[in-house]
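One structure is given below, encoded as structure tokens.
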Ligand SMILES: Cc1cc2nc3c(=O)[nH]c(=O)nc-3n(C[C@H](O)[C@H](O)[C@H](O)COP(=O)(O)OP(=O)(O)OC[C@H]3O[C@@H](n4cnc5c(N)ncnc54)[C@H](O)[C@@H]3O)c2cc1C
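Here you go:
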């Protein structure tokens, strides 16, 4: 394998795959270095319609469609015996109105295989151990599956290493998140008793006074992903004894009429604690971070893969611009773009856990316009500034919840 590339991409998840595809479309040479062997399990299975725009632009949509994954046309929230359905076809912003629920092992594998076909060199079972960046050129060091060490010279490094957070750790860029430390426990199970609409779309039930929630994400092969999110103490408690309490929560899932009461669990539940994290900077000389290597807020609105695709795509386009000799204002063109999207979702995450969002969406006389505009955010259209629920996200949710409570 050669040791000189235009760009090295660390990580072959969705952020790394889409970044690579955009770079290849621009004629650059790309090496993707991936620690694991693919296909590999990762959590994050419910996509947003906005993902489709990015996949299409990067010419990666066909390989995703070929997977014949479960079509996702909306989201169902459930709370204290009330149900609220959002259908993406009713959303305010124009654009894709459906997406998929995917097994990430299959989805991520399909993307990176397609990128390999398009001309990227991909080395699996290869762990990046060090990176040196400067104005002139960059060096990436990795150890392959045989234990052989490599030094690669390149013009730019894209860190798409997800929870591995290679550059944030090496360059000391991590900061603690100011969100409550939360975790999750999850598994897949046999789902052979599907009935109504919730048979297809992600179904979320909030409980424990909105401090915890349980998800059901059906797949096209008759299995589902189920998981519980809550503060770290609660997740530790329900994970004890091989997750007995977790099983009980799943088997009595409110709103699903005993659908999972007898279901077989397909693997021992996995636990992740303290997943939220912050970051000091998103770029520097010769490098940029994208996907989960940057901020990760919370899984409640399934925005993780959308941000991975959006940031990977935008980062790659700016790398192309810079390597072609044009000046890039990274603060404005990258940070501002990405952090705007993150801050919109941040308002919705806050409103979910403090109950304001429940007050709004479960309001019986809720105005259809509001619902359509919120639906756009739930579909991932967080850069549509014509939507008041995007533009004024910080205050609108608070104010509206207050008005409804006073009524
Ligand atoms: C409980 C929970 C539920 C979630 N649910 C959803 C959901 O429903 N929908 C959604 O969109 N998102 C969800 N997410 C978020 C989602 O998991 C992530 O946002 C998404 O996987 C990020 O993609 P990525 O490409 O940035 O990183 P990843 O998919 O994590 O890929 C990064 C890759 O980098 C590789 N890597 C790491 N270190 C190194 C190294 N040193 N050298 C080489 N390679 C390395 C890893 O092996 C990995 O393959 C959820 C997250 C949690 C915690």
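Residue numbers (this note's numbering): 36 to 442.
In this text, a Cβ means the ideal position worked out from N, Cα and C, and glycines have one as well.
beta-carbon residue i near ligand 1 non-hydrogen atom, thresh 7 Å
| i | result |
| --- | --- |
| residue 79 | yes |
| residue 198 | yes |
| residue 165 | no |
| residue 381 | no |
| residue 395 | no |
| residue 195 | yes |
| residue 328 | yes |
| residue 221 | yes |
| residue 106 | no |
| residue 143 | yes |
| residue 308 | no |
| residue 214 | no |
| residue 203 | no |
| residue 444 | Coverage of the chain is limited to positions 36 through 442, which leaves residue 444 absent and any answer about it impossible. |
| residue 229 | no |
| residue 313 | no |
Sheet register partners of residue i (DSSP bridge)
| i | result |
| --- | --- |
| residue 305 | 221 |
| residue 109 | 122 |
| residue 253 | 259 |
| residue 189 | 40 and 173 |
| residue 45 | 68 and 194 |
| residue 295 | Answer is none; residue 295 lacks a bridge partner. |
| residue 60 | For residue 60, which the question treats as bridged, DSSP gives no partner whatsoever. |
| residue 265 | 218 |
| residue 136 | 81 and 105 |
| residue 240 | 113 and 249 |
| residue 157 | 67 |
| residue 151 | Beta-bridge pairing links residue 151 to no other residue. |
| residue 163 | 177 |
Test item: CB-CB of residue i and residue j under 8 Å
| i | j | result |
| --- | --- | --- |
| residue 217 | residue 108 | no |
| residue 205 | residue 52 | no |
| residue 258 | residue 225 | yes |
| residue 376 | residue 350 | no |
| residue 74 | residue 347 | no |
| residue 142 | residue 102 | yes |
| residue 191 | residue 354 | yes |
| residue 397 | residue 412 | no |
| residue 208 | residue 37 | no |
| residue 175 | residue 68 | yes |
| residue 43 | residue 187 | yes |
Expected contact under 8 Å - CB spacing of residue i and residue j to nearest Å
| i | j | result |
| --- | --- | --- |
| residue 157 | residue 151 | 5 Å |
| residue 261 | residue 248 | About 12 Å separates the two Cβ atoms, so there is no contact after all. |
| residue 245 | residue 393 | 7 Å |
| residue 337 | residue 83 | 6 Å |
| residue 105 | residue 254 | 5 Å |
| residue 230 | residue 305 | Not quite, the Cβ-Cβ distance comes to about 28 Å (not below 8 Å), so this is no contact. |
| residue 139 | residue 77 | 5 Å |
Residue of the options minimising C-alpha distance to residue i
| i | options | result |
| --- | --- | --- |
| residue 418 | 378, 437, 430 and 405 | 378 |
| residue 356 | 43, 44 and 63 | 63 |
| residue 166 | 335, 45 and 266 | 45 |
| residue 170 | 359, 332 and 322 | 322 |
| residue 327 | 112, 430 and 199 | 199 |
| residue 291 | 331, 318, 238 and 140 | 238 |
| residue 285 | 263, 370, 135 and 275 | 263 |
| residue 214 | 387, 39 and 433 | 387 |
| residue 434 | 405, 414 and 136 | 405 |
| residue 40 | 66, 47 and 367 | 66 |
| residue 112 | 331, 252 and 91 | 252 |
Cβ of residue i within 8 Å of any chain B Cβ
| i | result |
| --- | --- |
| residue 424 | Chain labels in this structure do not include chain B; a single protein chain is all it has. |
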